[in-house]
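> Under the working numbering, the letters of the sequence shown match residues 42 to 224, in that order. All C-beta atoms, glycine included, are put in the ideal place defined by N, C-alpha and C.
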Amino acid sequence: MKNPDATNETNATIPFTTNAVPDGDLTLIPALDKAGVEYSVSEPPSPLGNFLMAYGLPLAIIGGLWYMGSRQMAGKGMGGMFGVGKSKATEVKPETIGITFKDVGGVDEAITELQEVIQFLKAPEKFSGLGGRIPKGVLLVGPPGTGKTLLAKATAGEAGVPFFETSGSEFVEMFVGVGAARV
Numbered sequence: 042m043k044n045p046d047a048t049n050e051t052n053a054t055i056p057f058t059t060n061a062v063p064d065g066d067l068t069l070i071p072a073l074d075k076a077g078v079e080y081s082v083s084e085p086p087s088p089l090g091n092f093l094m095a096y097g098l099p100l101a102i103i104g105g106l107w108y109m110g111s112r113q114m115a116g117k118g119m120g121g122m123f124g125v126g127k128s129k130a131t132e133v134k135p136e137t138i139g140i141t142f143k144d145v146g147g148v149d150e151a152i153t154e155l156q157e158v159i160q161f162l163k164a165p166e167k168f169s170g171l172g173g174r175i176p177k178g179v180l181l182v183g184p185p186g187t188g189k190t191l192l193a194k195a196t197a198g199e200a201g202v203p204f205f206e207t208s209g210s211e212f213v214e215m216f217v218g219v220g221a222a223r224v
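Here is the structure:
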């Protein structure tokens, strides 16, 4: 398009963009050629492409960030993004224990009590025939450093069974009842 206010050749033309010509005006292209107007024609962008750029790309970025966050948290703290209530207890296999009551000293009364549990673990049919039921577990209580974990490992070593090691602080949770569910 010619600029009527142009003072030199640099300002002589004005760039102009238009959308599709209504009703396919067949006289427009010959008229532009006759007037010596430089023009170019291009396909309009796809509406699907615009939609994907406007909605698909942000959703893909948010989804990718959520996926990376859940993968990163999978091995930490809560056991994943939705790992509320998952136990952090570690299983100790009987083959790796190698500790017996001979390695534990100073807790003879506790060892005597645990001998009953070991007898039941080794021969449950002997006790179940008399109406005895297998114990759900053994709770060892005491101040730090008194040998509770060593005693538990020795009990598992004597019985030849695995055991799960956890601390009381892992049962304290933000949500009511979640800690008790881990037991």
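Closer than 8 Å by C-beta to Pro176: which residues in its own chain qualify, once you throw out the five before and the five after it? Chain order, please.
For this step, residue 176 is matched to residue 135 along the sequence shown. The residues are Val158, Phe161.
> Mind pulling the alpha helix (DSSP H) runs of 4 or more residues that sit fully within the stretch 158-182?
Within the stretch 158-182, the complete alpha helix (DSSP H) runs of at least 4 residues are 165-169.
> Helix, strand or coil: which one does DSSP assign to Glu136?
Position 95 of the sequence shown, counted from the first residue, corresponds to residue 136. Residue state, collapsed to three classes: helix.
> Going straight from the alpha carbon of Glu150 to that of Thr196, what length do you get?
Start at 1 with the first residue of the sequence shown, and residue 150 comes out as number 109. Start at 1 with the first residue of the sequence shown, and residue 196 comes out as number 155. The alpha-carbon atoms of Glu150 and Thr196 are separated by roughly 13 Å.
> Determine the burial state of Glu84: buried for a count of at least 16 other Cβ atoms within 10 Å of its Cβ, exposed for fewer.
Along the sequence shown, one-based indexing puts residue 84 at 43. Label assigned to Glu84: exposed.
> Could you tell me whether the Cβ atoms of Phe205 and Glu154 are closer together than 8 Å?
Your numbering for residue 205 matches position 164 in the sequence shown. Your numbering for residue 154 matches position 113 in the sequence shown. Not in contact: Phe205 and Glu154 (Cβ atoms no closer than 8 Å).
> Apply the 10 Å Cβ neighbour rule to Glu199 and answer buried if 16 or more other Cβ atoms are within range, or exposed otherwise.
Taking the first residue of the sequence shown as 1, we reach residue 199 at position 158. By the neighbour-count rule (16 or more Cβ atoms within 10 Å), Glu199 is buried.
> Taking Lys143 as the reference, which of Leu69, Lys163, Leu191 has the closest Cα?
Your numbering for residue 143 matches position 102 in the sequence shown. When each option's Cα is compared against that of Lys143, the closest is Leu191.
> Run through DSSP, which three-state label would Glu84 get?
As a working note, residue 84 is residue 43 in the sequence shown. Here Glu84 sits in coil by DSSP.
> If you draw a straight line from the alpha carbon of Ile147 to that of Gly170, how long is it in whole angstroms?
Looking up residue 147 in the sequence shown gives position 106. Looking up residue 170 in the sequence shown gives position 129. According to the sequence as given, residue 147 is Gly; it is not Ile. Between Gly147 and Gly170, the C-alpha separation is close to 34 Å.
> Mind checking Ile102: buried by the 16 CB within 10 Å criterion, or exposed?
By 1-based counting over the sequence shown, the position of residue 102 is 61. Under this definition Ile102 is an exposed residue.
> Just the C-alpha distance for Ala76 and Gly104, rounded to the nearest angstrom, thanks.
Taking the first residue of the sequence shown as 1, we reach residue 76 at position 35. Taking the first residue of the sequence shown as 1, we reach residue 104 at position 63. Distance between the alpha carbons of Ala76 and Gly104 is about 54 Å.
> Among residues of its own chain, excluding the 5 on either side of Ile140, which ones have a beta-carbon nearer than 6 Å to its beta-carbon?
By one-based count along the sequence shown, residue 140 stands at place 99. Cβ within range, chain order: Lys194, Ala195, Gly198.
> What's the C-alpha gap between Pro9 and Pro88?
The structure shown does not extend to residue 9, since the chain is modelled only from 42 to 224, so the question has no answer here.
> Answer yes or no: do Gly201 and Pro99 have a C-beta to C-beta separation smaller than 8 Å?
As a position in the sequence shown, residue 201 is number 160, starting the count at 1. As a position in the sequence shown, residue 99 is number 58, starting the count at 1. No, Cβ-Cβ distance for Gly201 and Pro99 is not below 8 Å.
> Let me see if you follow: with CB-CB separation under 8 Å, is Glu166 close to chain B or not?
The structure shown contains no chain B; it is built from a single protein chain.
> Assuming Val145 contacts Ile138 under a Cβ cut-off of 8 Å, what Cβ separation, rounded to an integer in Å, is found between them?
Along the sequence shown, one-based indexing puts residue 145 at 104. Along the sequence shown, one-based indexing puts residue 138 at 97. That pair is no contact at about 12 Å.
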